[in-house]
Amino acid sequence: MRNPMRPDADSPSPSPSATLEALTERLEALQEQGGEHFDPVRFSFLASLTQRLATLPAPPAGTLSKLDNQLSEYQSAFSQAKATLDAAGEAGDDPAQFRPRLRRASQPAGPSPFAPLHRAYSLMTTDDSPEENNTLAGLLKQQEKQVLADNGASAPPLPPKQRELNALRQLRSQRQAQQARQRIDDAITQTPSDAGPLNSHRMVTRAIETLRELSPAYLEHFVNYLDTLMSLEKIAPKR
Numbered sequence: 001m002r003n004p005m006r007p008d009a010d011s012p013s014p015s016p017s018a019t020l021e022a023l024t025e026r027l028e029a030l031q032e033q034g035g036e037h038f039d040p041v042r043f044s045f046l047a048s049l050t051q052r053l054a055t056l057p058a059p060p061a062g063t064l065s066k067l068d069n070q071l072s073e074y075q076s077a078f079s080q081a082k083a084t085l086d087a088a089g090e091a092g093d094d095p096a097q098f099r100p101r102l103r104r105a106s107q108p109a110g111p112s113p114f115a116p117l118h119r120a121y122s123l124m125t126t127d128d129s130p131e132e133n134n135t136l137a138g139l140l141k142q143q144e145k146q147v148l149a150d151n152g153a154s155a156p157p158l159p160p161k162q163r164e165l166n167a168l169r170q171l172r173s174q175r176q177a178q179q180a181r182q183r184i185d186d187a188i189t190q191t192p193s194d195a196g197p198l199n200s201h202r203m204v205t206r207a208i209e210t211l212r213e214l215s216p217a218y219l220e221h222f223v224n225y226l227d228t229l230m231s232l233e234k235i236a237p238k239r
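Numbering (the UniProt record's numbering), first residue to last: 1 to 239.
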């Protein structure tokens, strides 16, 4: 079947405004079918790009072609996932059940590439004791489980792990907190004295000071999060 967005060589090319109008109609039709729930982030990007192009007097042909290709890929993936659910008789008439199943169908069948990292991290943590559930790390862990459950996913099964001694756990936690506080103090004291108010270093330092006053525990967690990202960047293969 010939794509109406790509006419034959002997037919006149549509104007940019007509092309954009056709793309807008396809996007609206996809939204009426519930396609925005298939991949919300990706659909929001397509909708935003369409709105920006509509504000231009002459949308660029290259951008229109890019939007056409990405919209076609989205429609194909959405139709394939919906056909799979319809064939299995899982879709039903309840949108509350249809959307999570459709989202699961869009996920890859293989294991997540973060599964080894998740298992390695689990070996470094302790069991879900009542003390841990009251900490910031425990609350974030519960939030992560709730997000996975709301999206119809679950964390990979973890191997049995040895329980860490309370004294060793407290010592390790205190040492990590002390190191994080020391790094925060060093970052604040190393701010150039002659830096202006719009200096990026001074602005970051000011944000760190404010966050330390409002929530020191969250600032320590944020520092550990940055350390994790830096470690992943070091071990990631260079492209």
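Glycine included, C-beta positions come from ideal geometry on N, C-alpha and C.
Model, not experiment: these values are computed from the prediction.
For residue i, is the classification buried or exposed, using 16 other Cβ atoms within 10 angstroms of its Cβ as the cut-off for buried?
i	result
Val204	exposed
Val147	exposed
Val223	buried
Glu233	exposed
Thr19	buried
What span of residues does the alpha helix (DSSP H) with residue i cover, start to end?
i	result
His221	216-235
Ser44	40-54
Gln170	166-189
Pro60	Note, Pro60: premise wrong, no alpha helix (DSSP H); not H, not E.
Ala18	16-32
What's the C-alpha gap between residue i and residue j?
i	j	result
Glu32	Ser200	45 Å
Ala217	Asp194	30 Å
Gln70	Ser76	10 Å
Thr84	Ser65	29 Å
Arg52	Arg169	53 Å
Asp227	Gly196	28 Å
Leu229	Ser13	48 Å
Thr191	Gln174	26 Å
Asp186	Glu209	12 Å
Glu144	Ser15	48 Å
His221	Ser215	10 Å
What whole-angstrom Cβ distance do residue i and residue j have, given they're in contact under 8 Å?
i	j	result
Ile184	Arg212	7 Å
Phe43	Ala81	Incorrect: roughly 13 Å between the Cβ atoms, too far for contact.
Exercise for review: Give a yes or no on contact between the stretch 50-61 and the stretch 78-88, applying the rule of three or more CB pairs nearer than 8 Å.
Suggested key: no
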